[in-house]
Every structure is written in structure tokens, then in C-alpha cells.
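Per our numbering, the very first residue in the sequence shown carries number 68; after that it's consecutive. Beta carbons: idealized from backbone N, C-alpha and C, even for Gly. Here the structure is a predicted model, which means the values were calculated and not measured.
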Amino acid sequence: MITPDDFVGWLDDAGIGVFAGVPDSLLKEFGAHVMTELPPERHVITANEGSAVAVAIGSYLRTGRPGLVYLQNSGFGNAVNPILSLADPAVYGVPMVLLVGWRGQPGVPDEPQHVTQGRVMTSMIDGMDLPWARLPRSPLEAAEVVAEAVRTAVDEATPYVLLVEKDTFEPATRRPTTSDAATTTREAALAAVLEHIADDAAIVSTTGMLSRELFELRNATGESGDRDFLTVGGMGHASSIALGIALHEHDREVWCLDGDGALLMHTGALPVIADRAPSTFFHVVFNNGVHDSVGGQPTSIGVVDIPALARACGYSWAGRLSDLDDLDGLIGEMRLARGPRLLELRVRPGARPDLGRPTRTPAESRRLFMAALETGP
Ligand SMILES: Cc1ncc(C[n+]2csc(CCOP(=O)(O)OP(=O)(O)O)c2C)c(N)n1
68 MITPDDFVGW LDDAGIGVFA GVPDSLLKEF GAHVMTELPP ERHVITANEG
118 SAVAVAIGSY LRTGRPGLVY LQNSGFGNAV NPILSLADPA VYGVPMVLLV
168 GWRGQPGVPD EPQHVTQGRV MTSMIDGMDL PWARLPRSPL EAAEVVAEAV
218 RTAVDEATPY VLLVEKDTFE PATRRPTTSD AATTTREAAL AAVLEHIADD
268 AAIVSTTGML SRELFELRNA TGESGDRDFL TVGGMGHASS IALGIALHEH
318 DREVWCLDGD GALLMHTGAL PVIADRAPST FFHVVFNNGV HDSVGGQPTS
368 IGVVDIPALA RACGYSWAGR LSDLDDLDGL IGEMRLARGP RLLELRVRPG
418 ARPDLGRPTR TPAESRRLFM AALETGP
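Right, here's the structure in full:
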């Protein structure tokens with residue numbers, strides 16, 4: 068295995084400038100290293116993977132040094148647009164190295180949302196005419212592959228993809244510390260919110276552990292969970308999925324249970340939701356300040372006043388809660404509002420170590436969800 072320290076050293080030696088990306092569980096140790104060791108001007112955790120490519124482009128324009136863009140392959144689609152429309156050798160020809168966590172790699176069991184993306188990964192890269200290599204686990208070979216990747220990216224003025232398999236990186240020597248004052252766990256807050264949501268409401272939950280917690284809470288309480296749509300992939304799109312449902316629901320409440328990283332990934336959904344103003348739309352953001360599901364790397368939500376953002380985007384009501392005792396009153400207020408409303412819940416990072424994964428297939432969940440919503444509220 069490779070130490071993150073060695074890996075970043077090879078990149079430094081090869082002339083890499085900025086590091087930008089969206090965290091991934093396979094890159095957790097690498098992420099912990101760059102977060103604790105690189106100065107802030109050399110490392111940016113971006114809202115989505117396309118923005119990371121854009122940061123690398125901008126940094127190259129100013130310094131002439133290629134950037135390192137890191138991402139999980141589920142976010143590769145977000146990166147495709149600025150890669151092909153800007154960085155590609157036929158356009159501006161901007162060198163960079165893309166470090167891509169290969170979830171769903173053929174032969175390695177993984178969740179349904181990773182299977183196809185994992186299988187088509189290399190053919191997608193080939194289809195984009197990008198040079199690529201697997202990052203070897205052996206340090207000697209990896210050092211050569213990294214040097215060759217940067218050389219090719221620069222010589223051919225192109226993005227170069229390095230695919231990272233499971234267990235490639237050794238643990239980082241230091242981990243970032245989080246200083247969140249919130250005491251409530253996401254799971255406890257979720258359970259409390261569920262008590263206020265009517266049985267006939269539709270729920271769209273965000274990507275990551277929140278959806279896993281929702282699935283387990285339903286099992287624990289013996290509820291069917293048929294009206295829950297778990298957004299297992301497509302991070303950031305839960306709110307627009309909920310909007311798509313709410314357009315057709317004039318009586319039934321539609322609840323989007325979101326994360327702060329997911330909210331930031333596609334914040335542009337907020338004014339669109341407000342513009343369409345479905346009166347049945349309820350948005351709850353479980354804000355732990357980090358990408359908890361993939362290792363706890365900070366999002367930029369700390370600089371955002373989420374209720375003020377929602378109001379500025381046109382939501383008819385927005386509030387914040389840190390103490391679950393106030394939930395009753397705030398949900399009452401939400402219900403009195405006429406258009407979309409948003410409640411921010413401050414929660415603490417972390418999850419149960421024994422948190423399971425949904426045992427229903429996504430296709431079965433989709434069938435049950437559609438059938439459950441066919442019956443009136
Ligand atoms: C497009 C895309 N990029 C990255 C990921 C990997 N990923 C899964 S969950 C997650 C973090 C979500 O953070 P947040 O919304 O704050 O929720 P939390 O995990 O903190 O509850 C990430 C980065 C993904 N699934 N899809």
C-alpha cells in the first residue's frame with residue numbers, strides 16, 4: 068500500500084500545484100492527509116466534481132502548474148462537462164491529473180448504485196479519449212505511474228485519469244478534527260422528524276448514511292418505508308426529485324431530507340423549487356458541517372446562513388433548530404407557511420458503527436414507492 072505522504076510527495080516532485088476535489092471513501096486517507104498537511108491555498112474541497120476541474124483549470128491558468136482533481140467515480144459525470152468542453156486538448160488543452168476512487172470495480176462487491184458506473188468506468192474514459200492508468204498498490208510502481216501521469220498530462224496538454232482501487236492508501240498520520248458544538252446525532256434527529264411526518268407523506272432522503280439510517284429506523288419500528296425514496300446515488304438531487312413529485316401532489320406532503328454537502332452540491336435547485344412554489348414541499352437539512360458518509364471532510368456550509376439562503380432563494384419559510392425540544396413548534400410553523408419551507412437541523416457528525424445497508428433492491432423500492440403514492444393521501 069502507498070502512504071498518502073509519499074503519494075503527495077511524488078505529485079509535488081512532478082510539479083502538481085493545486086489539489087481540488089469532492090471526498091470519497093476510497094480516498095479517505097489521502098483526503099485526511101491533504102486536509103491536514105497542505106496549506107489552504109493549495110487545497111479546495113469543492114461543491115461538486117465539475118467545480119474541482121474548474122478550480123484546477125483556473126489555478127493552471129495563473130501558475131502554469133497542473134492540478135490534482137480527486138473524486139469518487141460516481142461524481143465523474145459531474146466532471147465530464149468541464150473536462151470535455153474546456154480542459155480537453157481540442158479546446159484549451161489544460162493538463163491535470165484526475166484521481167478517481169473506483170467504486171463498483173468489476174470483481175469487487177459493492178452497492179447497486181456503484182455497479183454500472185464501476186463496470187463502464189474504463190470504457191467511459193476510453194470513450195473520452197483520455198489517457199489513464201490504475202494506480203498500483205506497490206509504492207515503487209506507483210511512484211513511476213504518478214510521474215508518467217503528470218508527464219503525459221503536461222506533454223499532451225490533457226487531463227489524465229488515475230483509477231484508485233480499494234485499500235490502496237495506508238492510514239494518514241494525522242486526521243482533521245471537527246469542532247461541532249451540536250449534541251444531537253443525525254439518526255436521533257431523523258427519528259424525531261419522522262414522528263412529525265404523516266404516514267401518507269412521501270419522503271425523499273439524501274445520498275449517504277441518512278438514507279441508510281432511514282431504512283433501518285423503518286425496520287426497527289416495523290413501518291413499511293414504502294413511501295420513502297432513498298436517493299442512493301445522484302448526490303445533491305434529492306430536492307429536485309422531491310420537487311418532481313411535489314408538482315403532482317396538491318394534498319400530500321412531500322419531504323426532502325437533505326445533507327449539507329448535498330445541498331451545496333446543487334444549491335441551484337433552491338430558487339427553482341421556490342419559483343415553482345409547491346405548497347406541499349418540506350425541506351429539512353441535516354447539517355453536520357461535513358461529508359460524514361465518506362470520512363467527515365468539511366463542507367463549506369460553515370460560511371452559510373442556511374435559513375437566510377433559503378429565504379433569499381424565495382422559500383416562504385425557513386428556520387433553524389439545534390435543540391430537538393423545539394421541533395414540535397417549528398414544524399407547526401412550517402405547516403402554516405404556504406409555499407416551500409426549509410428547516411436546518413444542526414447535528415453532530417458520526418454514525419453508529421453497526422449501521423446497515425438497505426436490503427431492498429432499488430428497483431423493488433421504486434415499484435413500492437410508486438404503488439404507495441398511487442393510493443390517495
Ligand atoms: C456525485 C457524487 N459525488 C460524491 C459522492 C460520494 N458521497 C456520498 S455521500 C457523500 C457525502 C454527503 O455529505 P452530506 O450531504 O453532508 O451528508 P452526510 O454524509 O454528512 O450525512 C459523498 C461525497 C456521491 N455519491 N456522488
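What number of angstroms, rounded off, separates the C-alpha of residue i from the C-alpha of residue j?
i, j, result
"residue 73", "residue 283", "40 Å"
"residue 363", "residue 79", "25 Å"
"residue 420", "residue 428", "22 Å"
"residue 226", "residue 97", "20 Å"
"residue 173", "residue 186", "6 Å"
"residue 285", "residue 301", "23 Å"
"residue 242", "residue 177", "26 Å"
"residue 320", "residue 443", "12 Å"
"residue 147", "residue 332", "16 Å"
"residue 436", "residue 291", "10 Å"
"residue 338", "residue 83", "37 Å"
"residue 348", "residue 108", "39 Å"
"residue 121", "residue 149", "7 Å"
"residue 233", "residue 70", "14 Å"
"residue 407", "residue 156", "44 Å"
"residue 383", "residue 367", "24 Å"
"residue 267", "residue 336", "25 Å"
"residue 194", "residue 119", "21 Å"
"residue 439", "residue 92", "34 Å"
"residue 237", "residue 418", "23 Å"
"residue 446", "residue 164", "With the chain represented from 68 up to 444, any question about residue 446 goes unanswered, as that position is not in the structure."
"residue 422", "residue 360", "11 Å"
"residue 94", "residue 113", "15 Å"
"residue 328", "residue 184", "21 Å"
Across which residues does DSSP place residue i in a beta bridge pair?
i, result
"residue 252", "415"
"residue 272", "297 and 324"
"residue 387", "411"
"residue 88", "112 and 137"
"residue 227", "164"
"residue 353", "326 and 412"
"residue 364", "358"
"residue 348", "321"
"residue 97", "None; residue 97 has no bridge partner."
"residue 69", "236"
Regarding residue i and ligand 1, is the C-beta to nearest heavy atom distance less than 6 Å?
i, result
"residue 177", "no"
"residue 139", "yes"
"residue 329", "yes"
"residue 148", "no"
"residue 286", "no"
"residue 89", "yes"
"residue 181", "no"
"residue 84", "no"
"residue 274", "yes"
"residue 261", "no"
"residue 361", "yes"
"residue 337", "no"
"residue 302", "yes"
"residue 171", "no"
"residue 358", "yes"
"residue 142", "yes"
"residue 445", "Past the boundaries of the shown model lies residue 445; the chain is included only from 68 to 444, so the question cannot be answered."
"residue 326", "yes"
"residue 281", "no"
How about residue i and residue j: do their beta carbons lie closer than 7 Å?
i, j, result
"residue 77", "residue 259", "no"
"residue 207", "residue 228", "no"
"residue 204", "residue 230", "no"
"residue 312", "residue 295", "no"
"residue 430", "residue 409", "no"
"residue 357", "residue 373", "no"
"residue 134", "residue 116", "no"
"residue 221", "residue 162", "yes"
"residue 252", "residue 415", "yes"
"residue 309", "residue 323", "yes"
"residue 433", "residue 249", "no"
"residue 136", "residue 88", "yes"
"residue 497", "residue 273", "Nothing can be reported for residue 497: it is not among the residues displayed for the chain, which extend from 68 to 444."
Helix, strand or coil, according to DSSP, for residue i in the structure here?
i, result
"residue 371", "coil"
"residue 172", "coil"
"residue 321", "strand"
"residue 404", "coil"
"residue 198", "coil"
"residue 358", "strand"
"residue 264", "coil"
"residue 308", "helix"
"residue 83", "coil"
"residue 441", "helix"
"residue 105", "coil"
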